[in-house]
Structures are given as structure tokens and as C-alpha cells.
Amino acid sequence: MQFFEATAQQKKLADIGRAMMDFSENASMKGLKDAEIAVFNELSHIGNLLTHYGAPFGTSQKNFSDADMQLIADFMGGKLAAQKQQILQISG
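See below:
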């Protein structure tokens with residue numbers, strides 16, 4: 015019998031995915047319009063895909079569009095407007 019163990023890279027992607035989902039879940043959406051809330055839904059969706067990356071029957075590179083990859087990069091770089099707004103709320 016062969017067991018599957020996630021690689022270090024897969025575990026890192028899963029951590030990033032969970033961070034994206036946590037950010038989306040805990041973000042204040044007070045006063046936001048539907049279009050502004052859409053990014054939080056995308057963060058949750060893509061974050062979930064990352065948690066299954068490389069797993070048997072999970073996601074692979076082909077499951078991510080260029081827009082998905084850009085959203086991941088922007089999230090990792092702290093470039094999302096929602097992240098900047100949260101920092102402003104925390105700092106005063």
C-alpha cells in the first residue's frame with residue numbers, strides 16, 4: 015500500500031490558501047458594493063483551490079487562470095485594495 019504525503023511546496027501553497035480564505039472571512043465588508051465584495055469571494059475560491067493543489071484528484075496548474083495567478087501574487091505582495099483598507103482601519 016502506498017501513502018500520499020504532501021510535499022513542502024504543497025504545504026506552503028495550502029498555508030497561503032488558508033491565509034487567503036481567512037482574510038476573506040474576517041474582512042469587514044461594511045458599506046461595500048457587490049463589485050467590491052467580489053474580490054473576497056475570489057480569494058475564498060482560489061484559496062480553497064490552493065489547499066488541494068497536488069493532492070490526488072486535487073487541483074493542478076491548469077486549474078488556475080492568469081487572473082487567478084495575478085490575484086495570488088497581489089495577495090502575497092499585499093497589493094489588494096482590501097488589504098490596504100484593512101491596514102488603514104487597524105492603524106487608526
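Throughout the sequence shown, residue numbering follows the working numbering, covering 15 to 106 in sequence.
Quick reminder that beta carbons are idealized off the backbone N, C-alpha and C, glycines included.
Glu19: not part of any alpha helix (DSSP H); DSSP gives it neither H nor E. Of the residues assessed, Met35 falls on the buried side of the cut-off, its CB having 16 or more other CB atoms within 10 angstroms.
Around the beta-carbon of Ala87, fewer than 16 other beta-carbon atoms lie within 10 Å, marking it exposed. If you ignore the 5 residues before and after Asn62, its C-beta comes within less than 7 Å of the C-beta of Gly31 and Met35, all in its own chain and listed in chain order. For Asn77, there is no enclosing alpha helix (DSSP H), since its DSSP letter is neither H nor E. If you look at Ala52, you'll find it in the alpha helix (DSSP H) that goes Asp48 to Thr65.
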